[in-house]
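Read the structure below first, then the notes.
Chains as they are written, first to last, in the numbering used here: chain A, 1 to 441; chain B, 442 to 595.
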């Protein structure tokens with residue numbers, strides 16, 4: 001018995017010793033009453049200052065610039081940057097400033113109060129938990145407990161890193177995304193002259209009224225091409241060019257829709273899709289398919305996923321906000337001729353006609369759901385959203401692209417319409433003429 | 442909301458209302474709503490658990506609630522007393538139970554919580570993260586909105 005306890009004691013002391021080795025020091029400070037810290041190696045010095053020189057037209061969290069013994073550094077207010085309540089400081093009192101030394105430049109950040117330097121063992125740092133609400137998880141290096149206080153260690157390289165600088169956190173007041181909201185009237189039309197310009201904007205307006213189609217950078221390439229074509233077709237007279245009814249608008253949009261919209265994907269589509277599917281190297285694959293319509297799209301995709309990821313557990317959330325289309329999707333009935341070869345083995349004869357069997361049905365969850373409402377699920381591997389963005393207004397387009405960025409796992413695949421493009425640093429194009437795909441980086 | 446859940450709720454609401462009331466019953470257009478919604482004055486709430494999580498809310502104005510309660514009891518009720526409240530609660534229970542029975546036949550298992558009733562003015566209901574399916578039912582006494590917010594347990 002005694003021996004046992006003494007062995008335990010030895011183990012305990014050994015453990016304690018490992019925990020007591022200090023190999024990571026951090027400067028702790030508070031923001032809105034909570035404790036945060038940064039790696040001391042990133043901190044150049046700590047200082048008190050006020051009266052920063054205001055820089056016009058800068059982002060809201062940039063307080064200005066400050067002269068630090070001859071070096072001009074910019075001052076960032078972390079509270080504004082993270083949408084935390086900033087305490088108002090009396091006019092002349094000094095604010096707490098941490099001067100950070102990053103790769104090749106220095107930066108000052110304003111915080112509520114600076115606490116002390118804490119030494120810990122790096123093994124005791126725990127990975128961030130997704131529940132942390134206030135600050136985006138991407139910016140958190142980890143959490144650590146010390147002296148009964150929990151410190152959130154911020155990853156300053158990620159926050160202020162050069163290439164992604166500020167782009168990931170839209171300033172709170174400014175709701176203007178990087179694309180999509182430009183007024184269509186502000187742009188110069190491809191056809192020269194006043195009337196051409198007017199027709200261009202008229203058509204954009206008409207498409208919005210009749211078909212809720214929003215011309216933006218997502219589909220501008222297609223629209224410009226189609227507009228030129230349309231002008232050629234209709235002659236240059238304004239009254240001929242304009243879209244007077246819904247059917248005119250439909251005609252104008254006729255070439256827009258992706259291949260195999262509203263029917264099963266044909267063999268070229270299926271192979272192209274298979275070709276761009278990444279290897280995830282795990283045995284679960286989750287797919288989000290907003291705007292799935294009648295369900296042809298998720299069924300087609302499911303068959304390819306079965307083939308590509310043999311043995312993996314596959315889950316597809318397919319949704320649409322059109323009640324009529326989506327209601328028919330779970331029990332879709334079709335003719336034998338319309339089914340591509342790859343799907344045939346998943347079909348079964350029912351009293352109403354040919355249907356998919358339970359194996360395929362169990363993989364897809366059809367929901368009556370609006371993608372603009374909260375999407376309550378975790379990260380997915382693949383998002384298929386063909387011809388969905390173009391039919392949202394500019395603000396919603398930007399919001400949904402952001403949602404795609406958040407919901408798609410790094411390395412995941414995003415599929416959008418054949419005539420749609422996303423211009424974002426975080427998506428790398430890998431499509432071809434049959435399918436427009438992007439890899440999330 | 443999962444497509445399979447929609448019809449049972451719509452049918453149950455229609456059938457039960459038709460059965461217990463002398464009024465005409467007409468179904469309105471279904472739609473989805475997220476964000477905060479105002480509640481008309483009387484709200485009966487039944488919670489759901491099991492394969493899913495969520496709740497069903499029956500929302501109507503005070504006058505409509507009184508008229509429905511009067512009709513179901515076969516006597517004129519003047520104010521929202523215990524009897525009127527119990528009647529509306531029972532109506533909510535009947536509709537939800539019938540929907541859940543239908544869903545059970547389709548292979549989805551749900552449990553119900555006992556209904557609760559809320560009355561008051563200027564009330565709002567907020568579901569963060571779950572969008573609600575609104576099933577409007579037009580009666581000659583006014584409108585009853587059945588607000589179904591359920592989601593799959595992930």
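Note that CB positions come from ideal geometry on N, CA and C, so glycine has one too.
Nearest to residue 36(A) by C-alpha distance, out of 23(A), 151(A) and 146(A), is 151(A). Look at the beta carbons and you see the segment 577-592 of chain B not touching the segment 428-441 of chain A: under three pairs across the two are nearer than 8 Å. With respect to residue 480(B), residue 553(B) sits apart: the two C-beta atoms are not nearer than 7 Å. Nearest CB-CB separation between residue 578(B) and chain A: not below the 7 Å threshold. Unbroken beta strand (DSSP E) runs of no fewer than 3 residues, entirely contained in the segment 385-438 of chain A, are found at 408-416 and 427-429, following chain order. Each of 103(A), 209(A) and 256(A) was checked against the Cα of residue 227(A), and the nearest Cα belongs to 256(A). Judged by DSSP secondary structure, residue 146(A) falls within the beta strand (DSSP E) whose first and last residues are 140-146.
Take the alpha-carbon of residue 71(A) and the one of residue 200(A): they are about 51 Å apart. Counting only the Cα atoms, residue 119(A) lies some 11 Å from residue 144(A). Distances from the alpha-carbon of residue 21(A) to those of 123(A), 50(A) and 298(A) put 123(A) closest. If you look at residue 573(B), you'll find it in the beta strand (DSSP E) that goes 573-580. Going by DSSP, residue 223(A) is part of the alpha helix (DSSP H) stretching over 220-234. With respect to the 7 Å criterion, residue 204(A) and residue 389(A) are not classified as neighbours on the basis of their beta carbons. Chain-ordered, the chain A residues with CB closer than 8 Å to the CB of residue 572(B) read 369, 370, 373 and 374. When the beta-carbon positions are compared, residue 74(A) and residue 65(A) come within less than 7 Å of each other.
Selection 274(A), 279(A), 367(A) and 112(A) evaluated against residue 288(A) yields 367(A) as nearest (Cα-Cα).
In chain order, 466, 468 and 578 place their CB closer than 8 Å to the CB of residue 455(B), counting only its own chain and leaving out the 5 sequence neighbours on each side. Burial is judged here by how many other beta carbons sit within 10 angstroms of a residue's own beta carbon; residue 244(A) has fewer than 16 and is exposed.
Rounded to the nearest angstrom, the gap between the Cα atoms of residue 523(B) and residue 501(B) is 17 Å.
Under the three-pair Cβ rule at 8 Å, the segment 378-396 of chain A does not count as touching the segment 339-352 of chain A. One Cα belongs to residue 509(B), the other to residue 375(A), and the distance between them is close to 36 Å.
For residue 402(A), the closest of 424(A), 342(A) and 25(A) by C-alpha to C-alpha distance is 424(A). One thing to note: residue 234(A) has its Cβ within 7 Å of the Cβ of residue 241(A). Under the three-state reduction of DSSP output, residue 463(B) falls in the coil class, being neither helix nor strand. Put simply, the segment 359-366 of chain A touches the segment 314-321 of chain A. At least three CB pairs are less than 8 Å apart.
For residue 397(A), the number of other beta carbons within 10 angstroms of its own is at least 16, and it is reported as buried. Against residue 447(B), the close residues of chain A are 323, 327 and 368, in the order they occur along the chain (beta-carbon pairs closer than 8 Å). Proximity of chain A to residue 465(B) at the Cβ level (cut-off 8 Å) is not reached, the minimal Cβ distance being about 23 Å. When DSSP states are grouped into helix, strand and coil, residue 590(B) belongs to the strand group. Annotation for residue 309(A): 285 place their beta carbon closer than 6 Å to its own, counting only its chain and skipping 5 residues before and after.
Scanning its chain for C-beta atoms nearer than 6 Å, with the 5 sequence neighbours on each side dropped, one finds around residue 478(B) the residues 566, in chain order. Between the beta-carbon of residue 265(A) and that of residue 300(A) there is about 4 Å, and that keeps the pair under the 8 Å contact cut. Bounds of the beta strand (DSSP E) holding residue 45(A) are 43-49. Contact annotation, residue 294(A) with residue 332(A): C-beta distance approximately 7 Å; criterion of less than 8 Å satisfied.
Close partners of residue 330(A) in chain B (Cβ separation under 7 Å): 444 and 445. Close partners of residue 511(B) in chain A (Cβ separation under 9 Å) are lacking, with about 34 Å as the shortest Cβ gap.
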